[in-house]
Structure formats: structure tokens, C-alpha cells
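Here is the structure we will look at.
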Amino acid sequence: MLFDERYISYEDELNELFYSLYNSSVGLNDLQFILRNRLSERAKDLKQLDEDRLKTPTWYISNKMIAITMYSDLFASNLQGLETKLDYLADLGINYIHLMPILKMPHPYNDGGYAVDSFRDVDPKFGSNESLTSLTKAMRKRGMSLCMDFVMNHSSSTHPIALAAKQGDKEAQAHYFFYDDRIIPDQIDSIVPSVFPSSAPGNFTFNKETGKWVLTSFYPFQWDLNYSNYKVLIDIVDSMLSLANLGIEVFRLDAVPYIWKQLGTNCRNLKQVHTIVRIIRIAMEIVCPSVILKGEVVMAPSELASYFGTKEHPECHLLYNAATMANFWDSLVSQDTRLLVEQVNSILSLPSHCHFVNYLRCHDDVGWALDDQVERQLGIDPLEHKQFVYNFFEGSFPGSYSRGALYNYDEITKDARSCGTTASFCGIEEALEENNKIKLDRAIQRDLLLHSAMISIEGFPLLSSGDEIAQLNDYSYINDPDRKDDSRNIHRSPFDWEKAKKIKEKGSYQERIYDGIKSLLEAKSESICFDKNAITSTWDSSNNKVFLIRRTNQDEELLCFASFSDNEEFVKTNYIMGAFKDLFTGKEIVPGWGFKLAPHEYIWAKKIK
Ligand code: GLC
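Structural data, given as C-alpha cells:
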């Protein structure tokens, strides 16, 4: 009954979508079958959540949303352990946890779980489907949502279907891209850039068992799935729905721009990708309308809007604000916020249904996706500048306070990305090493400054677990043969519960960072200037080193100043009347007259009525 009611409104569209992908509606019956079954299996409390969210469909667009991303094993050994640590997270205000991949994976080579042996079963290392269900239940009781990383571009080379393909099973081979010789692989390699140019160059891997070449856009043990075979799509949708029935509320669609391949193209962002995301969205709306999709789209800003779909035919609910993240870091070391302002404006100019997740660090490297056109307009040489930035974060640029590692340095193009934790990038590691109190104060201030700017912009903040206690880089990966070749491991280390105890010790650097971040998050969730109806814009602070966000709602006005300068700076705003008071220190200012900010100072000044 409920199924028919929901299905009917999508039937024609689904037909069209299937035709556009497969030239027939073959597969649609299978889809209908699994949708009906998964809906009938959905637990009562989850159906209730669906009903509640149907009444508030934009529940995720709220100033109350505060997220954290983590590896459950590094944080608390496993899912059961994580369940016992929810109080710790709740204290910080967290109500959304994004877990790195937890589904069955080969060991040890699994790209941090992004090689998947089963799309629907939890890896025993993390627990079981039962422990996942228990976790989501406990979280729901506290009003917390669980986001699962869902890999959809590839399976592992040890997935049962891949194993069958290796045995020569033709139907299994049709789930992947196999080629007998190098003719097509060479054509593809000549157009499609490598994702990991130094650690996994090229797009193909020779498979000894079959004597064929298989498409592996990422690592050789990650085999790209062939969505032009409808069975692949049906299987993936079915897996997602089974996981949603365990209480997953958000799916992070890993590497989604890559899922459709077409000869003669760069195999990124093709229109069929959108068709598939739309089918997934519809499947969710029919079976589990409380569940939302977060796309991992690390692409140029011009590509982003299309992943939200249109108002009538929406696709993802949320996307990562990756370019803004890179610009925050760039502004810090360049002491210049002009590129950042351009970037934030380009996001603000997107239609209102586009909603972003803001962050400083995640499990991946920082890719220096700066807008080279804007750089040139500002007289900046893009390549020279990129070299400066990644050398700075590596710590090799003279005078740099950062500690980090390069990632996928390309000898020929001189391109590289950067790895490291927020605290180490900001100079906390250096200051502690040198036991230098002045440097430590500066580094803490930088760390909080970046958090303040990130939390002030439109969208919701995603913290990286460990950043709230200023966790430093961990170099032990270099001695581990399984991890040494991937420098992202520098910022993937066990959560330090001993250091976390220090958040209760007044004046410790952990306490200063934790407390600073917590105050920012509280201010955000308490102020109506951050709610859905607020109007947000960048504003001219008359100083390129100082980033300014203006937020208004009803008769309230908030100015979030963030100085990216190593020196004291003078700022002065135009068209802003009256006196304001900093929410954190109580300091009063009249921005129209001008005032000074200390190095890396941030203030969130509320208009005094
Ligand atoms: C995404 C993940 C990254 C992984 C890749 C391959 O980009 O964030 O960690 O290596 O997908 O699945």
C-alpha cells in the first residue's frame, strides 16, 4: 500500500531514467522488486523517522547540525567501543558522525576501507551488522545521525564477483571492464588522468588469472564497476537500502563523479552519473525518505551545482566544500584572503537548495584546487604559488611553522597535495618540539582562527576527529610496510584518549583548542544569524588579510571577522552602522569607525540593539 503510493509518483521518471541509461526499461522490474521488499522489511521506528522527516525534509539544513568524521577503529577500537563514547561526542555538540568505511574489506591492502569485499556486511574488525544496528539505535535516541561511507565506483579485487571474474565467469566479468589487449586501455590512458599519479599510475591493471587488463582508476586492487550493466546498479541500490534498514541516515557517495565511463571522454562528471544518482535518490525517497545523500565531489566549483540536481529532480542533499577548505589553508600561509573570498562568493551564488559541508581536514590529503584564473587576475603564478603552499605545509619552505608530508608529488607537472593534521599544519607540533610558549600561543590562535572562519560560512561544520584535542601528525606509518607508501597515514592515527583527558586541565593546549572550538559551535547553534533564514554574505573589511562574513536574520546582525595575518591589522567596514559586541570576549567595537585585530584574532561581533 505505502509502496504503491510512493512508487506511482516516480514510475514515469524511473522509466525514462532507465531508458536513457540502458535503452530499455530492463532492470526496472528488478528494482521495483527490491524496493518493495526493502520497504516491507524496514523497522517500525525507522518508518516513524521517515514520517517525521517527511514533515521536515530539510532537517539537515540547520544551525544545530554539527558533524565529526572518524575511523571507528582508531577512535574506539570498533563500533561497540564507539557506542560507549557517545557522551564524549555529545559534550562537544556533535549530532552527526561520519564513519570511514566499515564494510568487509581485504587486509591489509584496502585503501583505508575503500576496497570493498561486501557492500552490505560490516567487517568483523569493526563489529557486525548487529553492532551497527545497536549503534544507530543508541545514536537515534540521542538525536544523532550516522553517516556511512559508501564506495560505489569500485569493489575490491577480492569481492566474490571479482573472484568469479578471475575464474573466467563471463557474467561476473561483465560487472567490471575487462580488455584482452592494450588497444582500448591505451586510448583511455591517453585521455583520462591518473587519480594517484605516483602511487598508482595509469588506469589499468594486468590480471594474471585471466590474462586481461582490468580498469582500476584508483589502486590496482580496486576494480571499477561497470554501471552500463544494469545488474551492477541494482545490486548497489539494494545494498544501500539494506544498510539504510540498519539505521544509516546519510550515505557519503564516495568518488561519485567517476562512476560512468565513456570512451573518448575524461570519464568524470558524465551525464549518466547524474542519472544514476537520481535513481538512487528516488529509491531512497520510496523506501527510506529520512535518508540523505552526501556526494564526495572533489571537482571544480563549476561542476558542483549539477550534483544537487534541480528543485524538481534533486540528486545529492549535501556536498563537500572542498575548494573552500583548500582556500582556508592557502589564505593562512599567503596571508591574503582574496582567493578565499572569490571562492566563498562562488558557493554563495549557487541556488538555495545547494547545501555544503564545511571542513578543514578529513582523512584525505588537501588538494590545492585553487582557481588559477582568479590567481592570474591577481598576478599570482598558479604553479609557483602551489609549490610555495605545499612546501610550506611540508615544513620545507624557509621559516615555515608547519609539519606535514607531500602526497602524490608528480615529477613532471610538479603537482603535489599535502597531508598532516590541523594542529601540525598550524604550528603546534613545531612549538611543542621547541618548547616555545610564544610559538604555541600563536599556533593555537591559528588553529582556532581557521575553525572560526570555517564555522562562520554557509553550510554545516564537519570536524575531523582528533582536531578537537589538537592531535599531531603520527610518523609511525613510515615503519609499517603496509602503510608506508601512503602519506595520508600521517593524519590517520589512533585517537589519543590520554591527551583527551587534558581538555579538563585549564590552560593545557588541548583545553584551549577544545574549549575554543566548542564555544564557536555553541555560538553557531544558539544564534538565529546561523539559521536557515539568515542572509549570509562576504563583506569588505577594507583589508585583504581579514576575512569577514556578515550574517543577518530579523533584527539581528553578526559580523564574523577572521584575521589571516601574522601582524596586527586595521579593519573598517562600510555601510554597517552602530556598535557591536564580541560574543566570546565581550569586547565592544564600532566597525564603521575601524578597529584593530591582533595576529590571527577572530571575533564574532553581534550588533548591540
Ligand atoms: C575517495 C576517498 C579516498 C579513496 C578514494 C578511492 O576519494 O576519500 O580516501 O582513496 O575515494 O575510493
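Mind the numbering: the sequence shown is residues 0 to 608 in numbering that gives the first Met the number 0, read in order.
Just so it is clear, CB atoms sit at the ideal spot from N, CA and C, and this is done for glycine as well.
These figures come from a predicted structure and were not determined experimentally.
| Query | Result |
| --- | --- |
| Where S451 sits in the DSSP three-state scheme | helix |
| Opening and closing residue of the beta strand (DSSP E) in which V115 lies | Taken as a continuous stretch (DSSP letters only), V115 belongs to no beta strand (DSSP E), as it is neither H nor E. |
| Own chain partners of L317 with C-beta closer than 6 Å, once the 5 adjacent residues on each side are dropped | K293, H354 and V356 |
| Alpha-carbon to alpha-carbon, N62 and K413 | 41 Å |
| Distance cut-off 8 Å: N254 Cβ against heavy atoms of ligand 1 | Correcting the residue type first, residue 254 is Ala in the shown sequence and not Asn. A254: yes, Cβ under 8 Å from ligand 1. |
| Stretch pair the region 502-510 + the region 519-538: three plus CB contacts closer than 8 Å | no |
| In DSSP terms, what M69 is bridged to | L98 |
| Where A42 falls, given that 16 or more other Cβ within 10 Å makes a residue buried | exposed |
| Candidates Y175, H599 and L347: closest to K260 by CA position | Y175 |
| Where V332 sits in the DSSP three-state scheme | helix |
| In chain order, each beta strand (DSSP E) run of at least 3 residues that lies wholly inside the region 164-249 | 203-206, 211-214 and 221-223 |
| Counterpart residues of T535 in DSSP-defined beta bridges | R550 |
| Nearest-angstrom Cα separation, counted from L331 out to R337 | 12 Å |
| First through last residue of the beta strand (DSSP E) which encompasses L317 | L317 to Y319 |
| W603 - containing beta strand (DSSP E), residue span | Y601 to K606 |
| Distance, M0 Cα to N202 Cα | 47 Å |
| S133 versus M64: straight-line alpha-carbon distance, rounded | 22 Å |
| V616 Cβ short of 8 Å to ligand 1 heavy atom set | What the structure shows of the chain is the stretch from 0 to 608, and residue 616 is not part of that stretch, so it cannot be assessed. |
| Where G80 falls: helix, strand or coil (DSSP) | helix |
| C146 - DSSP class collapsed to helix/strand/coil | strand |
| Enclosing alpha helix (DSSP H) for R37 [first to last residue] | L27 to E40 |
| Beta-carbon spacing of A137, E82 below 9 Å | yes |
| Continuous alpha helix (DSSP H) stretch holding L134: start and end | N128 to K140 |
| Segment limits, beta strand (DSSP E) that includes K633 | Only positions 0 to 608 of the chain appear in the structure, and residue 633 is not among them; the question remains open. |
| G111: CB within 8 Å of a non-hydrogen atom of ligand 1 | yes |
| Element boundaries [beta strand (DSSP E), containing K580] | F579 to D581 |
| heavy atom of ligand 1 below 8 Å from N152 C-beta | yes |
| Rounded straight-line distance, which links the Cα of G577 to that of G593 | 12 Å |
| D484 Cβ short of 8 Å to ligand 1 heavy atom set | no |
| Whole-angstrom distance between Y513 and S198, CA atom to CA atom | 36 Å |
| contact_flag[the region 581-599, the region 472-487] where n(CB pairs < 8 Å) is 3 or more | no |
| heavy atom of ligand 1 below 8 Å from Q221 C-beta | yes |
| R445: CB within 8 Å of a non-hydrogen atom of ligand 1 | no |
| Member of G394, Y406 and F195 whose CA lies at the smallest distance from the CA of V365 | Y406 |
| L558 - partner residues in DSSP beta bridges | R549 and A604 |
| Near ligand 3: R487 beta-carbon under 8 Å from a heavy atom | For ligand 3, the structure offers nothing, since it holds only ligand 1. |
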